[in-house]
Amino acid sequence: MSVDSIVVNIHEAKTNLSVLIHKIENGEEVVIARSGKPVAKLIPYTQEIQKKRELGFAKGSAQISENFDEDISDLFSGGLV
Numbered sequence: 198m199s200v201d202s203i204v205v206n207i208h209e210a211k212t213n214l215s216v217l218i219h220k221i222e223n224g225e226e227v228v229i230a231r232s233g234k235p236v237a238k239l240i241p242y243t244q245e246i247q248k249k250r251e252l253g254f255a256k257g258s259a260q261i262s263e264n265f266d267e268d269i270s271d272l273f274s275g276g277l278v
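Take any residue in the sequence shown, note its place counting from 1, add 197, and you have its number in the numbering used here.
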C-alpha cells in the first residue's frame with residue numbers, strides 16, 4: 198500500500214462512499230478490507246488513450262501451407278466420404 202492509502206472496512210466504505218470518492222479525486226487511494234485483509238483498491242480513473250492500430254503490423258508472421266484447403270475441396274468433390 199502506498200503512503201497516501203486510506204484503509205476502510207466494507208461497512209465504512211458503503212457508509213462513506215461519497216467522502217471516499219472525493220478523497221480519490223484528490224489523488225488518494227482507498228483500500229477496502231474485510232476482517233483486516235485488503236480485498237480491493239479504489240484509485241482515480243484515468244481514461245487510456247487507445248493507440249491507433251497500424252495496418253500490416255503482423256505481415257509475414259503467419260504462414261499458410263499451399264494445400265490448407267485441400268480437404269475442403271475434397272469434401273465438395275466427393276473425395277472424403
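The beta carbon of each residue, even a glycine, is placed where N, CA and C say it ideally should be.
- The DSSP-derived three-state label of A237 is strand.
- Within the region 206 to 259, the runs of alpha helix (DSSP H) that reach at least 4 residues and sit entirely inside it are, in chain order, 207 to 212 and 214 to 222.
- Buried is the label assigned to L217, since at least 16 other Cβ atoms lie within 10 Å of its Cβ.
- I261 carries a coil assignment under DSSP once its states are collapsed to helix, strand and coil.
- The continuous alpha helix (DSSP H) containing D268 extends over residues E267 to S274.
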